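Worksheet: the structure to be examined is printed underneath.
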Amino acid sequence: MKKECDLLVHHAQLMSCANMGVKYGLIENGAVACDAGKIIWIGNSDQCHAFKPKQSIDANGKVLTPALIDCHTHLVFAGSRANEFAMRLAGASYQEIAQAGGGILSTVQATRIASLDALVESACQRLAHLKSQGVLTVEIKSGYGLNVESELKMLKAAKVAGEKMKMTVKTTLLAAHAIPPEYQDNRAAYVSLICQEIIPHVAKNKLADAVDAFCEGIGFTYPETKQIFDAAARWGLPVKLHADQLSDLSGAGLVAEYGGLSADHVEYTSVNSIKKMAQSDTVATLLPYAYYALQETQKPPIDAFRKHGVNMAIATDCNPGTAPTTNLLQCLHMGCTQFGLTVEEALLGVTLNAAKALGIDGDKGSIEIGKDAELILWDTSEIADLVYWQGETPKNTILLAQ
Ligand SMILES: [Zn+2]
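Position 207 of the sequence shown, counted from 1, bears residue number 406 in this note's numbering, the numbering being contiguous throughout.
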């Protein structure tokens with residue numbers, strides 16, 4: 200007797216991202232059966248006759264992947280910084296731009312006065328573009344509110360936008376993004392506001408899945424970051440970090456010491472920190488668009504990550520200042536051309552390793568039995584097309600079994 204199921208996809212170039220002894224975890228002529236939102240069987244198309252599916256799809260040799268994941272974004276924000284781009288090209292320094300009312304604090308100002316609805320609406324547009332590229336899970340950070348009320352408004356906007364777009368949104372509290380103007384002369388008071396009020400409130404109301412900080416000369420110091428991580432740990436929230444982007448402050452090592460999910464940017468990360476990341480399974484999240492937009496020259500230590508077995512993810516870093524993009528596939532291309540990743544490493548960076556960076560690899564990021572049935576069928580039989588071709592997004596179809 201045949202086993203009933205909701206969805207069967209067969210004759211696919213099935214990029215499972217599992218059993219990595221084979222490149223891409225590829226199953227040639229692969230098939231996958233899904234039921235009640237979960238993957239229930241994977242194998243060769245010749246063996247899938249045991250199923251009686253409600254919907255059967257012949258992939259005709261096309262590429263089938265897990266839905267993609269953008270594991271680092273700041274895509275809830277108001278205002279525009281387009282004028283700063285022109286100012287920078289005309290030779291203005293970061294400081295001159297800030298003095299003219301630009302920089303991150305201009306986004307803070309615009310986000311604080313924006314309504315929840317306006318934030319949701321613009322976030323939905325950005326999510327829609329990601330979704331058109333086969334992305335179904337997105338991490339969204341706060342960090343342009345920098346006070347209790349506005350940080351909460353951002354986290355709420357992220358959640359509502361995710362529900363509206365029928366996408367999974369994981370929220371991250373990034374109150375430690377910058378020192379807000381009203382605390383410029385008393386940074387200790389702001390750090391304690393984060394630790395004593397914002398983190399407890401967010402944890403009690405389950406508004407964030409993780410806590411992040413910007414550990415940098417122009418951000419928060421190593422001891423301040425530690426204080427924030429201690430507060431997150433007290434409230435049972437995992438941590439991640441904007442680490443070693445412009446200088447080596449041992450941020451990646453610090454987040455690893457807390458068993459953190461990911462260290463992000465990591466251009467200046469030392470071998471010592473990399474060893475700690477390997478021990479704690481902390482993912483290195485690479486953000487090639489920000490590297491490009493800032494015209495950085497220090498590349499992340501890819502060879503050392505490989506040597507020590509640190510998993511690498513790739514994300515857009517979508518934000519109005521240093522990464523005005525929702526083009527995740529272009530970021531894959533950049534990860535290969537700028538940082539020397541292989542196509543396989545790039546694709547793992549937006550599937551299984553991105554899921555690890557969000558702590559959701561039990562449910563997402565690969566085509567494996569028991570995981571969520573979120574599949575993307577690409578209109579190509581060449582896996583490398585996802586990374587190689589630029590411009591028009593390769594056509595794709597989202598396949599769900601709900
Ligand atoms: Zn960021």
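Note that the Cβ used here is the ideal one computed from N, Cα and C, for glycine as well.
This one's a predicted model, so the numbers in the text were calculated from it and none came from an experiment.
Where the beta strand (DSSP E) through residue i begins and ends
| i | result |
| --- | --- |
| E227 | L225 to D234 |
| G242 | K237 to N243 |
| T424 | That residue, T424, is in no beta strand (DSSP E); its alpha helix (DSSP H) goes Y421 to R433. |
| Q212 | K202 to M214 |
| V275 | Unbroken run through V275: none, as it is neither H nor E. |
| K439 | K439 to A442 |
| I559 | Note, I559: premise wrong, no beta strand (DSSP E); not H, not E. |
| I339 | V334 to K340 |
| I378 | Where I378 is concerned, there is no enclosing beta strand (DSSP E), given that its DSSP letter is neither H nor E. |
| A409 | A409 to C414 |
CB-CB length for residue i against residue j, believed under 8 Å
| i | j | result |
| --- | --- | --- |
| D516 | A489 | 5 Å |
| V208 | L585 | That belief does not hold up - the Cβ atoms of V208 and L585 are roughly 17 Å apart, past 8 Å. |
| L528 | L546 | Actually they are not in contact, since the Cβ atoms of L528 and L546 sit about 10 Å apart, beyond 8 Å. |
| V359 | S580 | The pair is not a contact, with the Cβ atoms about 39 Å apart (cut-off 8 Å). |
| G564 | I268 | 6 Å |
| A230 | C204 | Contact doesn't hold; Cβ gap of about 11 Å is too wide. |
| T264 | M214 | 5 Å |
Opening and closing residue of the alpha helix (DSSP H) in which residue i lies
| i | result |
| --- | --- |
| I398 | I398 to K403 |
| L546 | V542 to G548 |
| A317 | L315 to S331 |
| L351 | V347 to K363 |
| I268 | Counting along the chain, I268 falls outside any alpha helix (DSSP H), though it belongs to the beta strand (DSSP E) covering L267 to D269. |
| D584 | D584 to Y587 |
| I454 | According to the sequence provided, residue 454 is Val. The question's Ile does not apply to it. Per DSSP, V454 belongs to the alpha helix (DSSP H) from G450 to E456. |
| S255 | First-last for S255: F250 to D257, but that is the beta strand (DSSP E), not the alpha helix (DSSP H). |
| T310 | I303 to I312 |
| L288 | A281 to L288 |
| N552 | L551 to A556 |
| L392 | R386 to L392 |
| I296 | Y293 to Q298 |
Own chain partners of residue i with C-beta closer than 7 Å, once the 5 adjacent residues on each side are dropped
| i | result |
| --- | --- |
| M533 | P487, Y488 and Y491 |
| E283 | I296 and G301 |
| A431 | I398, V410 and V438 |
| A309 | A277 and G278 |
| G458 | S479 |
| E544 | M511 |
| I239 | C204, A232, C233 and I568 |
6 Å Cβ shell around residue i - same chain, five flanking residues per side excluded
| i | result |
| --- | --- |
| A512 | C270, V482, T484, G548, N552, A553 and A556 |
| V401 | L372 and A407 |
| D463 | H271, H441 and T484 |
| S469 | D447 |
Residue i CB to nearest heavy atom of ligand 2 below 7 Å
| i | result |
| --- | --- |
| D443 | This structure lacks ligand 2; the ligands present are ligand 1. |
Neighbourhood of residue i by C-beta, 8 Å cutoff - its chain only, sequence neighbours within 5 removed
| i | result |
| --- | --- |
| P163 | Because residue 163 is not part of the residues shown, which for the chain are 200 to 601, the question remains open. |
| D502 | none |
Are the stretch 356-371 and the stretch 326-343 touching by the rule of at least three beta carbon pairs closer than 8 Å?
yes
Please give the ranges of any alpha helix (DSSP H) in the stretch 460-526, keeping only runs that are unbroken, at least 4 residues long and fully inside the region.
470-479, 487-492 and 501-507
Touching or not, the stretch 549-558 and the stretch 516-526, by the rule of three or more beta carbon pairs under 8 Å?
no
Does the contact criterion of 3 or more C-beta pairs under 8 Å hold for the stretch 369-380 versus the stretch 333-347?
yes
Are at least three pairs of beta-carbons, each pair with one atom in the stretch 272-290 and one in the stretch 241-254, less than 8 Å apart?
no
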